[in-house]
Structure formats: C-alpha cells, structure tokens
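Residue numbers (our numbering): -6 to 439.
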Amino acid sequence: MARLPSRSAHDDEAMAEGQSPAVVHTKRFRVPEGRERAFMLLFVATMTAAAGNTALQSVLPAIGRSFELSDTVIAGAFALSALFWTLTPGLWARLSDVHGRKNMVLLGLAGFTLSMIGIGISVSVGLAGLIGSVTALVFIVVSRSLYGIFGSATPTASQAYIADRTNREERTEAMSVQASAQGLGTVIGPALAPLFVLPIVGLAGPLYVFAAVGVIVWLIVRRYLPSGDVPRQAIGGQSPTKGLWKDPRVLPFLVYGFLITSTQAINISVLGFHVLDEVALPPLQAQSYVGIAMLAGAAATLMAQWGLIRIFRLEPKDLIRWGAVLALGGNLISAIAQDFYGVVLGYAVMSLGLGFARPGFMAGSSLALDARDQGAVAGLIVSVMGLCFLVPPVLGVALYEWTAPAPFILNGLMAIAGLAIAFVWHPLAHAGEAVDPGETPTPPVP
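Set out below in structure tokens:
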C-alpha cells in the first residue's frame, strides 16, 4: 500500500479556507507569525554559543603554542568538557519536559557565558606569567567544563521546542534553519576573533567579547522568548528515555551521526595546526589565516542549509547520503593538500557535507518518533555530538603529529561507513518518508 502524508492541524486549517492539503504540502516552509519570534530567538541563542566556541577554537592553537604545550595536550584538555556534554543532555531533556524548554535554553546560555569568562581570565593570567602554563591549562579545563555540563541544555531544549511546534511537513526545513545557526556562528566567530586580539587583552580578547554577548542574549531570551511549555501529549505517558538509544527507529541515526560528526570534530581540532604549519608564520600572525579557513567552511555550511536544501527540497534521506559523500570528498582533498589553499578547499567541502548531514539526521530521528519522545531524542542527538568531541579530536591531533594525512584518512573511512549504512540500514534509507494515515502524528502546539 502506498504511504501517504499524514494529515495535520495545518491541513484542517487549509481545508477550512477552501484549500486542499496537497496544496499546502507543496508550499515552501513559512513559520507562522506566532512562532517566528520564538524560532528566531532560539536561532540567536545557538548562533551565539557557536560563535564563541569557534572563536575559541580559532585562537586555541595560538594559545597552546604560546604556552609551549604540545598540540595533543591542548586537544586533550577539552576531553573532560566533551565527556560532560555527552552525559548531561538526557538530564536536560527530562527537565525540559517538566520545567519547560525555555528554562533549559537559559541554563545553557548561562553555562556558556560563565565558561567563556573563566577561560578568558585563565588565558590572561597565564600569558601574563602570573601562573604557570600547566596551572593555566587546569583552570581553562575547569572553566570549559562548565560549558560541557550546562551548555548542552540549549541545543537539547531548542530542538525539542521546534519539534513541539512543527508538523512533519515543516520539520526538516525548520531544523535545517536551526542547524544553520551553528554554521552562521562559525562564520561570525573566526571572522571577529582576530579583531579582538588586542594589545591589552591579547588572545583572551575574543573570549571576553563573546561572554559579554552571552549576557546580552540571555537577557533578551529571558524577556522575549515565548513560554516553552511542553504539549500535553509529551507529558502524559511514560517516555522510554533510558532505553531509547536502543530503539531500532533511533539507533541508526545515532550511529550515522557519530560517524559523520566525528569527521567534523577531527577536522576542527586539526585545522588550526594544519594552517599554522602550511603558512609557516608565528601564531599571532597566522591567526587571520585560521580565521579565513574557518570562514570558508562556515560559508559552505550556510550555502547548504540556507540555499541548497531549500532550493532542491531535499528529504532527510537525501541529506544523509549527500552529507556522507561530501564529507568523504573533503577529507580526501585535505589528505593530499600541499598548501594553504588545499587546506581551505578540503575543509570547505567537508563542511558542505556536514551542512547536509546534520539537519538530515536531526530531522530524521525526530520524525521517526511521536510527541512524547521529542525531548528524549533531542537529548540523545546532542549527547552523540558531544561524544564526537571526546576521543576523536585527541586521536586526530595525535595522528596529525605523526603524519599530516593520517587524520583525514581516518575521516575518509568513517565517511565511507556512514555512506554505506545510509543505503542499507532501513531507517536511514527511508528517513523522513511519510507515515501511514493511521499513524497521524500529534499536531504541533502553537
């Protein structure tokens, strides 16, 4: 029997106006006025954290070499934060079901802001020689852990907030737009970071600036974000949160997300060192080159999420496949790159792939479940992305110190594995396909 799109509350509204549901399903996604402000504020919150993190990533190699610490030690210092990020989203998902999505968005923003302040102070006193390099690194790790513990609350609650308020036809594009906040943040962070490396504050300057931005965004979200109340359908009923990762509807998306996002995590961690070695300049002078490379990758991500996905109306299964193909191509380019331009091209192609892949597995996993599980699956997705930044970056940098092409070869193998399961694992091969009429999902809350 053919599988038909399910009827939603939006279809009922359209029929009341004399339109057929089929006409509605062919229209381009447009956020109703009542949700537009909420989605925009979630976008800004995610973008702020992404910008601050990529600003930190862009100056981190220079900070490490100024402290005269090895590249692997600097990469490994952030493993504790990634561990916390992996472990905590399930907690924030459950609390968002009880206390509302908005409160968890605010909690994550507060964790981000306090973390940036702590790292900035640690870098300042370390570079000033008031404490030793190792001691400064310990304080950086502790401060970064605040973000690992609390920062994951924002993306977890944001994804669930959007899932609560979109139907099947809207969700892929809505989550693509939300995911593009990460891409825009990675444009803003590296582009602005060199401007704030000033004589007085030095490499800590970008951290203080984005901490200040975090305070402003927290105040705006607290004042203007509509209530994050959870729909009754998500509350009434016991959600199998603890065992959800084993659910055959969810597990394929988690495996794919880990494989492809790990290639991104390794690329981000290696990129600064790769650029520094190719341009052969002192860390401070090379900082603008690192920013250019990160800017190219972010621009490619935005091209996918703001342009290509909308133009071609790609479904989650298409995004998943193209994401793996482009991640493979980008890493092969990086493996054979002989100069700065080759590094930039490889990173940009890989980022284009992630621009497809991330909304693909986010929307696909969300569409596979009903309303009561949206908070839980959002937490799992965020946990997997944290897991990708736990071991893979350290391994990638260690491989890079051994021989430059090694981390990109590893990434290529993971991309091939992701591409293979995208075709043969049924939930991925059919991600986003419409459900039977008897499986009508719960209409979104206004």
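The C-beta atom is built at its ideal place from N, Cα and C for all residues, glycine as well. Only a predicted model underlies this, so the values are computations on that prediction, with no experimental measurement involved.
Beta-carbon spacing of residue i, residue j below 8 Å
{"i": "Gly236", "j": "Thr41", "result": "no"}
{"i": "Ser344", "j": "Gly83", "result": "no"}
{"i": "Ala156", "j": "Ser89", "result": "no"}
{"i": "Gly379", "j": "Ser145", "result": "yes"}
{"i": "Ala44", "j": "Gly195", "result": "no"}
{"i": "Ala48", "j": "Val390", "result": "no"}
{"i": "Val337", "j": "Ala286", "result": "yes"}
{"i": "Pro199", "j": "Val210", "result": "no"}
{"i": "Gln298", "j": "Gly348", "result": "yes"}
{"i": "Arg215", "j": "Leu325", "result": "no"}
{"i": "Val125", "j": "Ala197", "result": "Inspection of the sequence shows that residue 125 is occupied by Gly rather than by Val. Cβ atoms of Gly125 and Ala197: not closer than 8 Å."}
{"i": "Leu130", "j": "Leu62", "result": "yes"}
{"i": "Ala320", "j": "Gly346", "result": "yes"}
{"i": "Tyr489", "j": "Val248", "result": "Residue 489 lies beyond the range of the chain shown here (-6 to 439); nothing can be said about it."}
{"i": "Phe36", "j": "Ala174", "result": "yes"}
{"i": "Leu412", "j": "Ala350", "result": "no"}
{"i": "Ala408", "j": "Thr159", "result": "no"}
{"i": "Thr147", "j": "Leu80", "result": "no"}
{"i": "Tyr154", "j": "Arg94", "result": "yes"}
{"i": "Ala31", "j": "Phe382", "result": "no"}
First through last residue of the alpha helix (DSSP H) which encompasses residue i
{"i": "Glu163", "result": "161 to 185"}
{"i": "Gly198", "result": "198 to 217"}
{"i": "Trp315", "result": "309 to 329"}
{"i": "Gln278", "result": "276 to 295"}
{"i": "Val263", "result": "244 to 272"}
{"i": "Gln298", "result": "Looking at the DSSP string, Gln298 is not in any alpha helix (DSSP H), and its letter there is neither H nor E."}
{"i": "Ile374", "result": "367 to 381"}
{"i": "Ile440", "result": "Here the chain covers residues -6 to 439 and nothing more, so residue 440 does not appear."}
{"i": "Val387", "result": "385 to 395"}
{"i": "Ser358", "result": "333 to 360"}
{"i": "Asp240", "result": "Per DSSP, Asp240 belongs to no alpha helix (DSSP H) and is neither H nor E."}
{"i": "Ala156", "result": "146 to 157"}
Distance between residue j and residue i (C-alpha atoms, nearest Å)
{"i": "Val52", "j": "Trp85", "result": "30 Å"}
{"i": "Gly111", "j": "His92", "result": "28 Å"}
{"i": "Leu295", "j": "Gly176", "result": "6 Å"}
{"i": "Lys20", "j": "Phe77", "result": "For Lys20, the pLDDT reaches just 42, beneath the cut-off of 50, and the residue's location in the model is therefore unreliable, leaving the point undetermined."}
{"i": "Pro276", "j": "Pro192", "result": "15 Å"}
{"i": "Val268", "j": "Ser281", "result": "10 Å"}
{"i": "Ala55", "j": "Arg161", "result": "45 Å"}
{"i": "Pro14", "j": "Glu163", "result": "Confidence at Pro14 is low in this model, with a pLDDT of 37, below 50, so its placement is unreliable and the value that follows should be read with caution. Cα-Cα distance, rounded: 13 Å."}
{"i": "Thr254", "j": "Trp418", "result": "18 Å"}
{"i": "Glu271", "j": "Gly122", "result": "29 Å"}
{"i": "Leu312", "j": "Pro352", "result": "7 Å"}
{"i": "Val17", "j": "Val180", "result": "Interpretation of Val17 is limited by its pLDDT of 34, a score under 50 that renders its predicted location unreliable; the figure taken from the coordinates is listed afterwards. In a straight line, the C-alpha of Val17 is about 34 Å away from that of Val180."}
{"i": "Ile414", "j": "Ala356", "result": "17 Å"}
{"i": "Gly323", "j": "Ala410", "result": "15 Å"}
{"i": "Leu421", "j": "Val127", "result": "45 Å"}
{"i": "Leu137", "j": "Met109", "result": "The question names Leu, but residue 137 is Arg in the sequence shown. Distance between the alpha carbons of Arg137 and Met109 is about 8 Å."}
{"i": "Arg314", "j": "Gly372", "result": "23 Å"}
{"i": "Ile133", "j": "Val170", "result": "32 Å"}
{"i": "Ser220", "j": "Arg303", "result": "29 Å"}
{"i": "Ser358", "j": "Arg58", "result": "41 Å"}
{"i": "Phe22", "j": "Glu29", "result": "Reliability fails at Phe22, whose pLDDT of 48 lies under 50, so the model's placement of it is uncertain and the value that follows must be treated cautiously. If you take the alpha carbons of Phe22 and Glu29, they lie about 12 Å apart."}
{"i": "Gly431", "j": "Ile374", "result": "A caution first: Gly431 carries a pLDDT of 40, below 50, which makes its placement in the model too unreliable to give a value."}
{"i": "Ala361", "j": "Asp332", "result": "44 Å"}
{"i": "Leu73", "j": "Gly141", "result": "8 Å"}
{"i": "Leu107", "j": "Ala289", "result": "29 Å"}
{"i": "Ala273", "j": "Phe143", "result": "38 Å"}
{"i": "Val387", "j": "Ile259", "result": "8 Å"}
{"i": "Ser115", "j": "Tyr217", "result": "33 Å"}
{"i": "Thr65", "j": "Val384", "result": "11 Å"}
{"i": "Gly178", "j": "Thr39", "result": "8 Å"}
{"i": "Asn46", "j": "Phe60", "result": "20 Å"}
{"i": "Ala364", "j": "Val370", "result": "10 Å"}
{"i": "Phe354", "j": "Ala341", "result": "20 Å"}
{"i": "His423", "j": "Gly250", "result": "16 Å"}
Closer than 7 Å: residue i CB and nearest the ligand GDP heavy atom
{"i": "Ala424", "result": "Looking for the ligand GDP in the displayed structure turns up nothing, as the structure carries no ligands at all."}
Considering only residues of the region 79 to 144, which uninterrupted alpha helix (DSSP H) runs meet the minimum length of 4 residues and lie entirely inside it, listed in chain order? 82 to 92, 94 to 120, 126 to 139
Take every Cβ of the region 185 to 196, pair it with every Cβ of the region 400 to 415, and state whether three or more of those distances are shorter than 8 Å. no
Which ranges would you report for the alpha helix (DSSP H) in the region 402 to 428 if only whole runs of at least 4 residues count? 419 to 422
Enumerated in chain order, which unbroken segments of the alpha helix (DSSP H) with a length of 4 residues or greater are wholly contained in the region 44 to 72? 64 to 69
Pairing CB atoms from the region 164 to 175 with CB atoms from the region 299 to 309, are three or more of them under 8 Å? yes
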